[in-house]
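Each remark here refers to the structure printed beneath this line.
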Amino acid sequence: MTGQPQEHWGRVYSDKAPGDVSWFQSEPRHSLDALVRFGLPATTPFVDIGGGASTLVDALLVRGWSDVTVVDIAAPALAAAQARLGEKAARVQWEVADITRWNPPRRYGVWHDRAVFHFLTEPEQQTAFRRALLAGTAPDAHVIIATFAPDGPEKCSGLPVQRHDAASLAAALGSEFTLLDDWREEHLTPWGTAQKFIWCVFQRADD
2 MTGQPQEHWG
12 RVYSDKAPGD
22 VSWFQSEPRH
32 SLDALVRFGL
42 PATTPFVDIG
52 GGASTLVDAL
62 LVRGWSDVTV
72 VDIAAPALAA
82 AQARLGEKAA
92 RVQWEVADIT
102 RWNPPRRYGV
112 WHDRAVFHFL
122 TEPEQQTAFR
132 RALLAGTAPD
142 AHVIIATFAP
152 DGPEKCSGLP
162 VQRHDAASLA
172 AALGSEFTLL
182 DDWREEHLTP
192 WGTAQKFIWC
202 VFQRADD
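First residue of the sequence shown? That's 2 in my numbering, and the numbers climb one at a time after it.
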């Protein structure tokens, strides 16, 4: 998770096991399904924003993805993922960074964000996210974003969130990105509570 004080997220991941946070999922099915649905090849440069201790990176490596970067504000979260992967962690680029201050070092063909953007409740935070998105995506890149839906939680991890639908996400990303598809998810937390998400896939215009 990013876009919030580093101390908060560092404390979250220091105090809890990766499987004890509400956003944990044993299988990142919606993320993987989107990659298959749009026929995205495993050679595409991929960045996971707020990837933390998510198992998505494991699944990508198993499926042959060869150019993967994980960005997160919480160093303990990335350390947990690296420890889980063992020697395979060397096949991934890891960056501790706040997305609202991050300067992408390159452009990616897939930008993935599952539940970072809804923590960006201030207009200036969303503008900073968009600035990083524009700097970090190549022409024709696909952008996969999930946030809490309009009927989703109003808070997460003790912080307020801004809920979205496909239209508000499209407006926030700007005219450079075309909405290709959207769908809803009912995510079950490790303790069985249902959380409503909206998923969107956008494509960046060809420069």
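Every residue, glycine too, gets a C-beta built ideally from N, C-alpha and C.
What would DSSP say about Arg-185, mapped onto helix, strand or coil? strand
Beta-carbon within less than 7 Å of Trp-66's beta-carbon, same chain only, minus the 5 sequence neighbours each way: which residues are those? Closer than 7 Å at the Cβ level, and outside the excluded window around Trp-66, lie Ala-43, Phe-47.
Endpoints, the beta strand (DSSP E) within which Pro-96 is located: What sits at residue 96 in the sequence shown is Glu, not Pro. It spans 93-97 - the beta strand (DSSP E) in which Glu-96 sits, taken as one unbroken run.
Compute the distance between the beta-carbons of Arg-108 and Gly-153, then report whether it is under 8 Å. no
Which residue's Cα is closest to the Cα of Leu-79: Arg-64, Ala-98, Leu-61, Asp-68? It is Ala-98 whose Cα lies nearest to the Cα of Leu-79.
What are the residues that DSSP puts in a beta bridge with Thr-179? Gln-204
Opening and closing residue of the beta strand (DSSP E) in which His-113 lies: 109-115
Starting from the Cα of Gln-26, find the closest Cα among Gln-196, Ala-75, Asn-104 and give me that residue. Gln-196
Using 8 Å as the threshold, is the C-beta distance between Val-58 and Thr-122 below it? no
Excluding the 5 residues preceding and the 5 following Arg-64 in the sequence, name in chain order all residues of the same chain whose CB lies nearer than 7 Å to its CB. Taken in chain order, the residues that qualify are Ala-43.
What does a CB cutoff of less than 7 Å around Ile-146 pick up in its chain, not counting 5 residues either side in sequence? Asp-114, Phe-118, Leu-170, Cys-201
Please state the DSSP three-state secondary structure of Phe-39. Note: Phe-39 maps to coil in three-state DSSP.
Glu-177 and Arg-132: beta carbons closer than 8 Å? No, they are not a contact pair.
Out of Val-144, Thr-190, Ile-199, which has the shortest C-alpha to C-alpha gap to His-165? Ile-199
Taking the alpha carbon of Gln-127 as the reference point, which residue from Arg-38, Leu-189, Arg-102, Ala-139 has its own alpha carbon closest? Arg-102
Can Ala-82 and Val-72 be called in contact, C-beta distance under 8 Å? no
Can you give me the Cβ contacts of Trp-184 inside the same chain, cut-off strictly under 7 Å, excluding the 5 residues immediately before and after it? Trp-200, listed in sequence order.
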